[in-house]
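Novice:
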Amino acid sequence: MALDTLHFILTFAPITLSKITEMTLQWQNISDTEDLYFSQIWQIYQEAFPVTEKRNLQQQKRILKNQNYNLSAIFSSGAIAGLIGWWDFPSLRFIEHIAIAEKFRGGGLGSQFLNEFIEQNNKPILLEVEKPEDEISVRRIEFYKRLGFHLNIVDYLQPPYQKEQEPLPLFVMTYPKASSQQQIDVFVENHHQEIYFD
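Heads up: the sequence shown is residues 46 to 243, going by the working numbering.
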């Protein structure tokens, strides 16, 4: 689970992010499905998320035209290492999808990138996580907690990406502060239509 102009700009040329570790990260905005790097990040996207938590290709083509939506390839030493899909709204940023390619996991790249993302703008950040019902889900929540995110134990349903699917019960994590049920409900009311149904 993005007011003023962004304090950083995603352009068609890679942007070098400041170092936190020895890795040099860059990211590049993907504006349409014909982009040179789209097929590579689409493969990462398909492998990283279950069918209930992702768009199909036609939906992705449409959403890339939305000015509030950003899809970027994450590079490490010149190689595509992951992706982030996020929304820039007037009062917050919503990370809808973030994934690191399997061969780049475990080296701190995800933490480094998210720290850079956090620091580039002072808007609050919201993201969705699966409930802590298995080891992987627990580890993912702890990962975000180490970065300063708060787990909000409130009622929340992710609308289905496909008509044949059911709403998905999830939790919401927020940065830099915890959020109330009322605040999460406002997010749903103001933004779910654009994110999930347009």
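Ideal Cβ placement from N, Cα and C applies to all residues, glycine included.
Looking only at its own chain, which residues have a Cβ that is under 6 Å from the Cβ of M218, when we skip the five neighbours before and after it?
Specialist: Closer than 6 Å at Cβ, skipping near neighbours: L172, V174, Y189, F194 and L196.
Novice: For L213 versus Q203, is the C-beta distance shorter than 8 Å?
Specialist: Their beta carbons are under 8 Å apart, which means L213 touches Q203 by this criterion.
Novice: Give the single residue among V183, H237 and I86 whose Cα lies nearest to the Cα of A126.
Specialist: Nearest option by C-alpha distance: I86.
Novice: Mapping the DSSP letters down to three states, classify L137 as helix, strand or coil.
Specialist: Three-state DSSP puts L137 in coil, outside helix and strand.
Novice: For G153, which three-state DSSP category applies?
Specialist: Coil.
Novice: Beta-carbon separation of N115 and W131 under 8 Å?
Specialist: Result yes, Cβ atoms of N115 and W131 sit closer than 8 Å.
Novice: Who are the near neighbours of Q104 in its chain, counting only those whose CB is closer than 8 Å to its CB and skipping five residues on each side?
Specialist: Hits under 8 Å: Y206.
Novice: Going straight from the alpha carbon of L137 to that of P221, what length do you get?
Specialist: Cα to Cα, the separation comes out at about 11 Å.
Novice: Using a Cβ-Cβ cut-off of 7 Å (strictly less than) and excluding sequence neighbours within five positions of F149, which residues of its own chain qualify?
Specialist: Counting only Cβ-Cβ distances below 7 Å, and skipping sequence neighbours, we find S121, A126 and G127.
Novice: What would DSSP say about Q104, mapped onto helix, strand or coil?
Specialist: Helix at Q104.
Novice: At what residues does the beta strand (DSSP E) containing V174 begin and finish?
Specialist: Its beta strand (DSSP E) spans residues I170 to V174.
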